[in-house]
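Following: one structure in structure tokens, then a few remarks.
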Amino acid sequence: MTETRYRRLLALYPRDFRQEYGEEMLAVLMTDPRRGQVVDVLRGAGAAHLRAVRSGHDRAARVVQIFGAILLLGVALRRSGGGLLNPLLSAEPRPIYLEGVDAIRLLGWGLVVVAAFRGWRAIGAAAALAALAGEIASPARFYVDTPASVLHVYWMIVAGGVVLIAGLVARGGAVARPRGLAAIVLAGVFLALQSPILFVHELSPLRSGLVALAAALVLVALIRQSSEIRGRLVCWAAPVIVTLPLVQWGFGGFIEHNMRHPESTRLINPMQWTVLVLVPIVAFVATSWLGSRRSKGRPVAADGFGGTYDGDVRRHD
Amino acid sequence: MNEPTFLILTALAGEPRHGYAVIEDVERITGGRVRLRAGTLYAALDRLRGEGLIEVDREEIVQSRLRRYYRLTGAGEQRLGAESARLREQATIAERRLRARRTDFGGATA
Chain F
1 MTETRYRRLL ALYPRDFRQE YGEEMLAVLM TDPRRGQVVD VLRGAGAAHL RAVRSGHDRA
61 ARVVQIFGAI LLLGVALRRS GGGLLNPLLS AEPRPIYLEG VDAIRLLGWG LVVVAAFRGW
121 RAIGAAAALA ALAGEIASPA RFYVDTPASV LHVYWMIVAG GVVLIAGLVA RGGAVARPRG
181 LAAIVLAGVF LALQSPILFV HELSPLRSGL VALAAALVLV ALIRQSSEIR GRLVCWAAPV
241 IVTLPLVQWG FGGFIEHNMR HPESTRLINP MQWTVLVLVP IVAFVATSWL GSRRSKGRPV
301 AADGFGGTYD GDVRRHD
Chain U
318 MNEPTFLILT ALAGEPRHGY AVIEDVERIT GGRVRLRAGT LYAALDRLRG EGLIEVDREE
378 IVQSRLRRYY RLTGAGEQRL GAESARLREQ ATIAERRLRA RRTDFGGATA
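Right, here's the structure in full:
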């Protein structure tokens, strides 16, 4: 194999890796052109890309886990509002009523927050898995009659999945209070308070105001992070954010058809499910890749390899 | 610690070596059983540098090509020592059990 071909092969590595080891690897490949080198280099390039995407995410992942679980807890409280608030607001004594899935979601996301702070990885993962199951089970009950019920809360299902994965990826051990925690807690409280029970019809515009306030607080928490963590948080948020336009525009016609034709309700087909699963994954990978490219804007040689050596020997003492 | 990592650290425990010299030394110490390929070697070197177990010793240009020598760090020495001790302990247990087994079978192999 010629040097040019090896160079083309090495171009598959991330730029940083290539800068650091490209010339060395080329020298080894030219000296030792064995069978299997090509496959090994291809595998190495894939692994290097995965490492580059993962690198730095472990620290941000803990913040994602904490912030995400708090916000999902707020939303879960809002959705359980009737069962929790009616007895409290009623003049007559009534028992607190919670459906099974609501209780699982509330307990699950609450436990995830505690586990994230204490560094209990297994408990956090189990709690997130249970809460995510609750998020899926809740709309799934109505799926056959109203498929849109899944689509309307799909962003929450994706958010639940993101929190679960973040907990698994996060660096182990107990953590200190992350920056912007107060803003996120307040955002969670606002999300919980926007229960329809608290807002009679005339006050309903205030509910949207609370959502806007919560969004602004999330933005404040994001701004308070270091630039590296902030970039990573955007990557983790991308899969959730992308589901909103995806459902709005990608499934608008589908939802409208079902609304207009209740006698012939269409279910989400396998291709649509594939799109629903793949788009958030692609959003994460794409934002991670863009982020890593932007943060490593060091100049490189035209062939992608760095390293102009000004002497024959350079010692590293 | 996986085998290639152990072997790379072992190769560098002898003296600082460049990439191709590591491949040759690993082949030598394993009696030709393991011959690392470039992708595997440099992925491991990158990881070991990241973990602080090895570092760059010096760089040379030989026939207009870069040759970078790597050396074991103090942390690398400790990790290799601990791994060697672990493997020795396991090997000792295996040998002891095999001896006992041969005794039980009166010297006959099963």
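In order, the protein sequences belong to chains F and U.
Start counting the first sequence at 1; every next residue gets the next number (the working numbering).
Start counting the second sequence at 318; every next residue gets the next number (the working numbering).
Glycine residues also receive a C-beta, built at the ideal position from the N, C-alpha and C atoms.
Please read these numbers as outputs of a predicted model, since none were measured by experiment.
Rounded C-beta distance between residue i and residue j? I'm assuming under 8 Å.
i, j, result
"U/Arg354", "F/Asp40", "4 Å"
"F/Met156", "F/Leu72", "7 Å"
"F/Val163", "F/Ala128", "5 Å"
"U/Leu358", "U/Arg396", "Not confirmed; about 18 Å, so no contact."
"U/Tyr387", "F/Val28", "Not confirmed; about 13 Å, so no contact."
"F/Gly231", "F/Gly291", "5 Å"
"F/Val101", "F/Ser138", "5 Å"
"F/Ile123", "F/Ala133", "In fact, because the Cβ distance is near 16 Å, the residues do not count as touching under 8 Å."
"F/Arg5", "F/Ile229", "Actually they are not in contact, since the Cβ atoms of F/Arg5 and F/Ile229 sit about 40 Å apart, beyond 8 Å."
Among the options, whose alpha-carbon lies nearest the alpha-carbon of residue i?
i, options, result
"F/Leu278", "F/Pro239, F/Ile157 and F/Ile123", "F/Pro239"
"U/Pro333", "U/Pro321, U/Leu365 and U/Arg385", "U/Arg385"
"F/Arg15", "F/Thr4, F/Ala52 and F/Ala131", "F/Ala52"
"F/Ala187", "F/Ala221, F/Ala115, F/Gln272 and F/Gly167", "F/Ala221"
"F/Ala69", "F/Val113, F/Arg34, F/His57 and F/Pro33", "F/Val113"
"U/Arg364", "F/Tyr21, F/Val211 and F/Gly231", "F/Tyr21"
"F/Gln248", "F/Ala148, F/Ala283 and F/Leu181", "F/Ala148"
"F/Arg8", "F/Val234, F/Asp32 and F/Leu42", "F/Leu42"
"F/Glu135", "F/Gly160, F/Ala126 and F/Val144", "F/Gly160"
"F/Ala45", "F/Asp32, F/Arg62 and F/Phe17", "F/Phe17"
"F/Ala103", "F/Arg118, F/Val75 and F/Ile123", "F/Val75"
"U/Leu329", "U/Gln407, U/Ile410 and U/Gly393", "U/Gly393"
"U/Val373", "F/Ala47, F/Glu24, F/Val64 and F/Ala60", "F/Glu24"
"F/Ala19", "F/Ala48, F/Arg34 and F/Arg35", "Ala is not the amino acid found at residue 19 of chain F; the sequence shown has Gln there. Among F/Ala48, F/Arg34 and F/Arg35, the Cα nearest to that of F/Gln19 belongs to F/Ala48."
"F/Ala61", "F/Arg207, F/Ser80 and F/Gly119", "F/Gly119"
"U/Phe323", "U/Arg413, U/Leu404, U/Ala417 and U/Glu341", "U/Leu404"
"F/Gln225", "F/Asp145, F/Thr287, F/Leu181 and F/His261", "F/Leu181"
"F/Phe251", "F/Ile241, F/Pro262 and F/Trp273", "F/Trp273"
"U/Arg345", "U/Gly356, U/Leu362, U/Ile325 and U/Ala360", "U/Ile325"
"F/Phe117", "F/Val144, F/Arg171 and F/Leu77", "F/Arg171"
"U/Leu362", "U/His335, U/Glu400 and U/Arg414", "U/His335"
Mind checking who residue i pairs with in its DSSP beta bridge?
i, result
"U/Glu372", "U/Arg388"
"U/His335", "U/Tyr386"
Return the first residue and the last residue of the alpha helix (DSSP H) that residue i is part of.
i, result
"F/Trp120", "Careful: F/Trp120 lies outside any alpha helix (DSSP H) and carries neither H nor E."
"U/Phe323", "Glu320 to Gly331"
"F/His152", "Ala148 to His152"
"F/Met259", "Gly252 to Arg260"
"F/Met348", "Residue 348 of chain F lies beyond the residue range present for chain F, which begins at 1 and ends at 317; the question has no answer from this structure."
"F/Ile184", "Leu181 to Leu193"
"F/Phe67", "His57 to Arg79"
"F/Leu246", "Looking at the DSSP string, F/Leu246 is not in any alpha helix (DSSP H), and its letter there is neither H nor E."
"F/Leu29", "Arg15 to Thr31"
"F/Asp145", "No alpha helix (DSSP H) holds F/Asp145; DSSP gives it neither H nor E."
"U/Leu358", "Ala355 to Gly367"
Indicate whether at least one CB of chain B lies closer than 8 Å to the CB of residue i.
i, result
"F/Thr31", "In summary, chain B is missing from the structure at hand, where the protein chains are F and U."
key: Interface positions of the region 14-29 of chain F facing chain U (Cβ-Cβ less than 8 Å), listed along the chain   = Phe17, Glu20, Tyr21, Glu23, Glu24, Met25, Leu26, Ala27, Val28 and Leu29
request  = Can you give me, in chain order, the residues of the region 387-403 of chain U that have a beta carbon less than 7 Å from any beta carbon in chain F?
outcome  = none
message = Along the region 335-361 of chain U, where does the CB come closer than 8 Å to a CB of chain F? Name the residues.
response = His335, Gly336, Tyr337, Ile340, Arg352, Arg354, Ala355, Gly356, Thr357, Leu358, Tyr359 and Ala360
query = Of all the residues that make up the region 36-60 of chain F, which are near chain U by a beta-carbon distance shorter than 7 Å?
reply = Gly36, Gln37, Asp40, Val41, Arg43, Gly44, Ala47 and Ala48
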